[in-house]
Amino acid sequence: MAPSLLKTLLVAVACASTASAQIDVDLTSSTSVKNAMATIAHNLLSYYKGNLSGMTPGILPGPPPNGDYYWWEGGAMWGTMVDYWLYTGDTSYNPTAEYAMVYQAGPPANSYEPANWTASLGNDDQGFWGMTAMLAAESNFQNPPEKDPQWLALAQAVFNTQAARWDTQYCNGGLRWQIPLSNNGYDYKNSIANGIFFNLGARLARYTGNDSYAHWAETAYNWTADVGYIDSSFNIYDGAHVEHNCTDINKAQFSYTAAAFIQGAGFMYNYTNGSALWGQRLTSLTNRTLDVFFPNGIAVELACELPTSIQCTPDMLSYKCYLHRWLAQVTQMAPFLAPTILPVLKTSTQAAMKNCNPDGTCGFRWTTGSYDGLTGAGQEMNALGALMSVMITLEPVKAALTNLTGGTSVGNAAAGVGSTVSATTYGPITAGDRAGASILTILIISGIVSMLVWMSTGEGEGFRLGLFGKGKGML
């Protein structure tokens, strides 16, 4: 054989070997899984520029056209990193995560409504940061200095401001998707905003022991079902418009919405000491979600991950992360579901790892059996979340704490509404609290309405999949 031909063949073989190589991980070894998680976490944080001079702490590059990512996904990433610490014990990124989460809290109310984002803020955006703060409280993530807002109080502030927005004038209840009335999506009530509110209520009830939160969680769940967003088969649909009394339901389904409801239902099941009602709801939601989003046992984002094309926004490219993480945590709140959930998550994780290169660069479509080249922060979060869902089977992982089982985060039941009460008092959320938040909202809206006219003409809140650019609510 001619030397030149031999060289050509050797290069071709080497290239083929590189193309088919995948991250080295043994899903039966906690050490191996942790090593893979460390590699992928490092890759994920390479997308974060908020610790560089002149950049904004806490957020991923964006929003478009300045970068791919909207404000909410920064909160989602830090939640993933809190879980990374919880599952691995690696504290390397904790100072960065703590600083980012506090920086974006948005003084003076510290309710994750920072001034830079109020003109484009959705209830779901705010809620994602609230869930990250709640996770930090539940896991005893390192507490901020006393002068800064604390994790539990941050979660309570988000919840209280959203409770004040509960709108019974249209559709007999529910949260709107967008908060500023000038935004596209203000006339839309969607399942993810209400699912996150339900989720926070359930978790705050369990953490604090305050039934007021549980009543709100029950109200939010019942409304979502009564309006038809959760159907009799436990499919969860995207949302509908207030001008149609929420009857024009968009039947798109997204995995993170289902996961938010399942996690919330798991906490309600645990909080109610295994009530039959919440057990039935949780089981039905779980079974339907596994059927819809795990065809052949592998996670697929069906609304945008089509057989012949990927039509997902950057937002949607991260949803598998929350699907895996939150389903895994449900097995701690409701252990009877572990035999149903965990084998599916392991099969899905095996497929996910085939889409990750040895350096931790991960793709999106897990059904291909190899790296697909579609990379980004969301894809790294997906792979990291998948590994977490396996890690929970390999080593004991601390279940969510409460203030009676070792949780140390300081709360404030009136957070977000301008009141100050004892940090150890968890009184009911009163009508006065809601009225105070409403007055504050009116003042804020009055003060920035001129800015909203030119800032909120649909950019960043527009239609998903070419209609709405923000990508977390479909009209």
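Residues -21 to -1, 1 to 454 in mature numbering (1 follows the signal peptide of the UniProt record, and there is no 0) are what the sequence shown spells out, letter by letter. Backbone N, C-alpha and C define an ideal beta-carbon position, used for all residues, glycine too. These figures come from a predicted structure and were not determined experimentally.
Decide if residue i is buried, meaning its Cβ has at least 16 other Cβ atoms within 10 Å, or exposed.
{"i": "Asn173", "result": "buried"}
{"i": "Leu100", "result": "buried"}
{"i": "Ala94", "result": "exposed"}
{"i": "Lys126", "result": "exposed"}
{"i": "Met430", "result": "Reliability fails at Met430, whose pLDDT of 34 lies under 50, so the model's placement of it is uncertain and the value that follows must be treated cautiously. Flag for Met430 reads exposed."}
{"i": "Leu256", "result": "exposed"}
{"i": "Met34", "result": "exposed"}
{"i": "Pro293", "result": "buried"}
{"i": "Gly109", "result": "buried"}
{"i": "Trp433", "result": "Residue confidence is low: Trp433 scores 33 on pLDDT, short of 50, so the model does not pin down where it sits. No coordinate-derived value is stated."}
{"i": "Gln121", "result": "exposed"}
{"i": "Ala307", "result": "buried"}
{"i": "Thr10", "result": "exposed"}
{"i": "Ala210", "result": "Reading off the sequence shown, one finds Asp at residue 210, where the question assumed Ala. Exposed."}
{"i": "Thr7", "result": "exposed"}
{"i": "Asp62", "result": "buried"}
{"i": "Phe233", "result": "buried"}
{"i": "Thr236", "result": "buried"}
{"i": "Ile421", "result": "The pLDDT assigned to Ile421 is 41, lower than 50, so where the model puts this residue is not dependable, and the model offers no usable value."}
{"i": "Leu31", "result": "exposed"}
Determine the DSSP secondary structure at residue i, reduced to helix, strand or coil.
{"i": "Glu222", "result": "helix"}
{"i": "Cys335", "result": "strand"}
{"i": "Gln141", "result": "helix"}
{"i": "Ile19", "result": "helix"}
{"i": "Asn229", "result": "strand"}
{"i": "Thr7", "result": "coil"}
{"i": "Cys341", "result": "strand"}
{"i": "Gly357", "result": "helix"}
{"i": "Gln308", "result": "helix"}
{"i": "Gln242", "result": "helix"}
{"i": "Gln148", "result": "coil"}
{"i": "Glu374", "result": "coil"}
{"i": "Gly37", "result": "coil"}
{"i": "residue 477", "result": "Because the chain is modelled from -21 through 454, residue 477 falls outside the range shown and cannot be assessed."}
{"i": "Phe273", "result": "coil"}
{"i": "Gln135", "result": "helix"}
{"i": "Leu383", "result": "coil"}
{"i": "Ser234", "result": "helix"}
{"i": "Ile2", "result": "coil"}
{"i": "Ala392", "result": "coil"}
{"i": "Lys28", "result": "coil"}
{"i": "Pro314", "result": "helix"}
By alpha-carbon positions, which one of the options ends up nearest to residue i?
{"i": "Phe273", "options": "Thr326, Tyr250, Leu133, Ile228", "result": "Thr326"}
{"i": "Asn275", "options": "Ile228, Leu154, Ala330", "result": "Ala330"}
{"i": "Cys341", "options": "Val12, Leu23, Ser11", "result": "Leu23"}
{"i": "Ala239", "options": "Arg344, Trp305, Gly253", "result": "Trp305"}
{"i": "Gln1", "options": "Asp338, Ser388, Ala379", "result": "Asp338"}
{"i": "residue 456", "options": "Ile215, Val376, Pro159, Tyr192", "result": "In the structure as shown, the chain starts at -21 and stops at 454, and residue 456 therefore has no counterpart that could be examined."}
{"i": "Ala231", "options": "Asn249, Gly243, Tyr208, Ser212", "result": "Tyr208"}
{"i": "Ala98", "options": "Leu160, Thr18, Asp205", "result": "Leu160"}
{"i": "Pro322", "options": "Asp62, Gly258, Met370", "result": "Met370"}
{"i": "Leu383", "options": "Met295, Ile175, Leu133, Gly188", "result": "Gly188"}
{"i": "Lys168", "options": "Ala116, Tyr186, Ala181, Asn224", "result": "Asn224"}
{"i": "Ala20", "options": "Asp47, Val4, Met60", "result": "Met60"}
{"i": "Pro158", "options": "Leu183, Gly106, Leu380", "result": "Checking the sequence, you will find Ile at residue 158 rather than Pro. Checking every option, the nearest Cα to that of Ile158 belongs to Gly106."}
{"i": "Thr75", "options": "Glu52, Tyr27, Pro86, Asp47", "result": "Tyr27"}
{"i": "Asn151", "options": "Ala219, Pro286, Ile171", "result": "Ala219"}
{"i": "Ser212", "options": "Gly245, Val271, Asp227, Asn45", "result": "Val271"}
{"i": "Leu183", "options": "Leu114, Gly164, Thr226, Gly85", "result": "Leu114"}
{"i": "Ala55", "options": "Ala378, Arg344, Leu363, Gly395", "result": "Leu363"}
{"i": "Leu380", "options": "Trp145, Thr347, Gln311", "result": "Gln311"}
{"i": "Glu284", "options": "Arg344, Ser90, Leu179", "result": "Arg344"}
{"i": "Ala378", "options": "Gly348, Ile175, Asp351, Asn249", "result": "Asn249"}
Please name the residue or residues paired with residue i in a DSSP beta bridge.
{"i": "Ile289", "result": "Glu284"}
{"i": "Lys168", "result": "Ala219"}
{"i": "Ile209", "result": "Ile215"}
{"i": "Gln157", "result": "Gly101"}
Does the Cβ of residue i lie closer than 7 Å to at least one heavy atom of the ligand MN?
{"i": "Gln290", "result": "No copy of the ligand MN appears in this structure; indeed no ligand is present at all."}
Segments of 4+ residues assigned as alpha helix (DSSP H) that fall wholly inside the segment 70 to 131: 73 to 82, 102 to 117
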